[in-house]
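A quick write-up on the structure given underneath.
There are 2 protein chains.
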Amino acid sequence: MATNFDFYFDFSSPYGYLASTQIEALAAEFDRQVNWHPILLGPMFKAMGSAPLVDIPLKGVYALHDFKRSATLYDIPYVQPQEFPISTVAAARALTYVQQAAPEKTASFAKKIFQAYFAEQQNISNAAAVLALAAETGLDTTVLADGMGRDSTKERLKLGVAQAMERGVFGSPFVFVDNEPFWGFDRFDHIRKWLRAQAQ
Amino acid sequence: MATNFDFYFDFSSPYGYLASTQIEALAAEFDRQVNWHPILLGPMFKAMGSAPLVDIPLKGVYALHDFKRSATLYDIPYVQPQEFPISTVAAARALTYVQQAAPEKTASFAKKIFQAYFAEQQNISNAAAVLALAAETGLDTTVLADGMGRDSTKERLKLGVAQAMERGVFGSPFVFVDNEPFWGFDRFDHIRKWLRAQAQ
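Sequence lines, in order, name chains G and R. Residue numbering for the first sequence is -8 to 191, as defined by the numbering used here. Residue numbering for the second sequence is -8 to 191, as defined by the numbering used here.
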């Protein structure tokens, strides 16, 4: 049976953003849908003794160049955020709540947040900014403001991150297709090739 | 004017090996040729505070899986070496010497070394193994044994690594096309898209 793609991402991840603009179309090529899983890279980098890409000597300069070039080559709007990376806890909690309370809005809300940060120069690190985007997505912001602050939501996100790590997730974007792991926007072509090979 | 591709690689790099099997064909698509530059990742990882991929928690397990899967998806023979990663100083010095003494053999010798290590389960970390492969490439092993041990060869390789880092190289494979930097076998499609865009 064709399972959904499990798509893990941090809202501060440029390649996660690029992936968010393409993953539904990729899934649709194979009659699949997408489960959207917000994660936080902080705890993962801690486990790996790693750091945000742009903070790494040599690699950081290249990364900034590659974000923009990758977007250009795939015709995806991209403006490097001035504040980068940022905390994405508020956004991840909001999406975690929406997944439960209004699951049909999950994808459009997630894409809205990514787009605001990486294409429209909005800082999405605080709750007020996230709620404004929720309003544009047609979500009830009074309910969401309450819901994203609840302990149960915080715990659910924490659990989601822990479960992702148990499953082997260590970066963003990270996609499981029938339990096969793919890390990076640059693995989208591999997903395509892999699924075609499975079908033979 | 169409310049050559500058291709930097460490002989212990799986993605460097995959790249070595495809880069001449990619360059030929655009009427280009390839300059082969052996480098050593050790000094680069030191500068970045990084480590070999497979030694990084979480990422290491995925990397081993991705090496093999990437090879399979591109129909490239691949057998994960049991000893991995290994020292590639001898191989890099040998190729550095051959670049000067018999430049026309550089590409075939480099491909032979990569293939021995990643497709034929040969450990290429010592000078004797490298010389055996040189013999199969039609090189004079007496001359090479002397040449690869010379101080001038050691210095030339050191200088090559330092110059690569100055240019921004921090990993393997790394390719410059008209001074535009591309890191990773997974950027070969980007090279193609980028060159097509330049031509328009």
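Where a beta carbon is used, it is the ideal one built from N, C-alpha and C, also for glycine.
Neighbours of Pro48(R) across chain G, judged by C-beta separation under 7 Å: Ala38, Met39. If one requires a minimum length of 3 residues, the beta strand (DSSP E) runs lying completely within the region 19 to 69 of chain R are 25 to 29, in chain order.
Under the Cβ distance rule, Gly151(G) does not count among the residues neighbouring chain R, no pair being separated by less than 8 Å. Exposed is the label assigned to Gln154(G), since fewer than 16 other Cβ atoms lie within 10 Å of its Cβ. If you ignore the 5 residues before and after Thr132(G), its C-beta comes within less than 6 Å of the C-beta of Leu122, Ala125, Ala126, all in its own chain and listed in chain order. The DSSP-derived three-state label of Glu111(R) is coil. For Val80(R), same chain residues with a beta-carbon under 7 Å away, outside a window of 5 residues either side, are Leu31 in chain order. Where Phe165(G) is concerned, the enclosing beta strand (DSSP E) starts and stops at 165 to 168. DSSP, reduced to helix, strand and coil, places Phe(-4)(R) within a strand of the structure shown. Counting every other CB atom within 10 Å of its CB across the protein chains shown gives Val70(G) a total below 16, marking it as exposed. In terms of CA proximity to Ala118(R), Ser78(R) leads the group Lys96(R), Glu157(R), Ser78(R). Ala101(G) is classed as buried because its beta carbon has at least 16 other beta carbons within 10 Å across all chains shown.
Bridge pairing for Trp174(G): Phe165(G) [DSSP].
Closer than 9 Å at the C-beta level to chain G, one finds these residues of the region 166 to 191 of chain R: Glu171, Pro172, Phe173, Trp174, Gly175, Asp177, Arg178, Asp180, His181, Lys184, Trp185, Ala188. Exclusion of the five residues before and after Ala42(R) leaves Phe36 as the residues of its chain whose Cβ lies within less than 7 Å of its Cβ.
For Tyr53(G), the neighbours in chain R by C-beta distance under 8 Å run, in chain order, Gly159, Phe161, Pro172, Trp174. The region 110 to 165 of chain G is shown to contain whole alpha helix (DSSP H) runs of 4 or more residues at 118 to 127, 132 to 140, 142 to 158, in chain order. Chain G has a Cβ within less than 8 Å of the Cβ of Leu64(R). A residue is called buried once 16 or more other Cβ atoms fall within 10 Å of its Cβ, and Asp57(G) is buried on that count. When only Cα atoms are considered, Ala110(G) and Glu157(G) end up about 32 Å apart. For a Cβ distance threshold of 8 Å, residue set His181 of chain G lies close to Ser61(R), ordered along the chain.
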